[in-house]
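Asks: Once you know that position 27 of the sequence shown is 7 in this note's numbering, the rest is easy, because the numbers rise by one and skip nothing.
A single structure is presented below for examination.
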Amino acid sequence: MTRTKNTFPVEYQQVAQHLLDKFELQKWCAEEESENEGMADSKGKKRSGNSKHKSQSAKLDPPAPESHPIYGTNGPLHHIVQYFVENGIHYKVADGYNSREFRIRGDNGFSVGDFWIFRIAAHRDGVHGEGVAGISGDAINGAFSVVASGCSMDKDQGNVLLYTESGAEETTSKAPETEKKGTKALLRSVEKKQPIRVIRGAGHRHGAPSCGYRYDGLYKAAESTVKENTKGGKYF
């Protein structure tokens, strides 16, 4: 996938620092993979789609006041609910809130540099259609967006992003996997040369934000290639 422009937002720096300080005090008990119960992480085995959460009783945090700078009506985490279970703090979109439609080709009203503290907030706003999974789309319509968040198999050159399918690091298959939902979506986009929204997450090597998730614009799905990992497994 390719694109031509890369910028970084500044409007949320104070908010990001506030949350960073808060989570450091909490010893980072609210890690990203806990944001949506029952969903897989963005890359590798963690994008398998199988929930690792056991049945647990949840305790919802009291709703924040509308004036709250983070969770209030105009805050970056508006309509995001924090709740507690035995293995820590989790986040979800508030019940009854109509998340923005993500099945829109193109920028979907977003600008390069738009920023979200949590991926669940990007899901809420419709820039990415999955709460945690890295590829948003389907085999018929193609991929609408991808999140690049640090998989070692990805190669990021800024204007060119080589995005690998889930499980690429561990596969021993002699042929690349073609039945996964995300892979089907990306292959369809390559076939149709579609533009795809790219969101970079903290920890991703090239030009990544220091925290949170940033919209970095549209990349064209240019081509697909088959690669081989260190175990001899083939992947896209």
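Every residue, glycine too, gets a C-beta built ideally from N, C-alpha and C.
Are the CB atoms of K172 and G122 within a distance shorter than 7 Å?
Replies: Counting from 1 along the sequence shown, the entry for residue 122 is found at position 142. Counting from 1 along the sequence shown, the entry for residue 172 is found at position 192. A contact, by the Cβ cut-off of 7 Å.
Asks: With distances taken Cα to Cα, identify the nearest neighbour of V140 among I176, P42, H108.
Replies: Working through the sequence shown from its first residue, we reach residue 140 at position 160. Checking every option, the nearest Cα to that of V140 belongs to I176.
Asks: Determine the DSSP secondary structure at D94, reduced to helix, strand or coil.
Replies: To locate residue 94, count along the sequence shown from 1; it is residue 114. Reduced to three states, the DSSP call for D94 is coil.
Asks: Identify the continuous beta strand (DSSP E) that holds G117 and give its terminal residues.
Replies: Stepping through the sequence shown from its first residue, residue 117 is reached at position 137. It spans 115 to 118 - the beta strand (DSSP E) in which G117 sits, taken as one unbroken run.
Asks: What are the partner residues of I179, as DSSP defines its beta bridges?
Replies: Walking along the sequence shown from the start, residue 179 turns up at place 199. Paired residues: V127, Y195.
Asks: What does DSSP give as the partner residues of Y71 in its beta bridges?
Replies: Taking the first residue of the sequence shown as position 1, residue 71 is located at position 91. Answer is Q62, bridged to Y71.
Asks: How about the region 205 to 214 and the region 110 to 129: do they share at least three Cβ pairs that are nearer than 8 Å?
Replies: In short, these stretches do not touch, since the Cβ pair count stays below three.
Asks: In whole angstroms, what separates the C-alpha of E13 from that of K154?
Replies: Here residue 13 corresponds to residue number 33 of the sequence shown, with the count starting at 1. Here residue 154 corresponds to residue number 174 of the sequence shown, with the count starting at 1. Here E13 scores only 39 on pLDDT, less than 50, and its place in the model is too uncertain to base an answer on.
Asks: Do you know offhand how far T53's Cα is from F95's?
Replies: Numbered from its first residue, the sequence shown carries residue 53 at position 73. Numbered from its first residue, the sequence shown carries residue 95 at position 115. Rounded to whole angstroms, T53 to F95 spans 17 Å at the Cα level.
Asks: For E208, write down the residues that DSSP places opposite it in a beta bridge.
Replies: The count along the sequence shown starts at 1 and reaches residue 208 at position 228. Partner(s): K214.
Asks: Where does D136 sit, in a helix, a strand or coil, going by DSSP?
Replies: Within the sequence shown, numbered from 1, the residue matching residue 136 stands at position 156. D136: strand per DSSP, three-state reduction.
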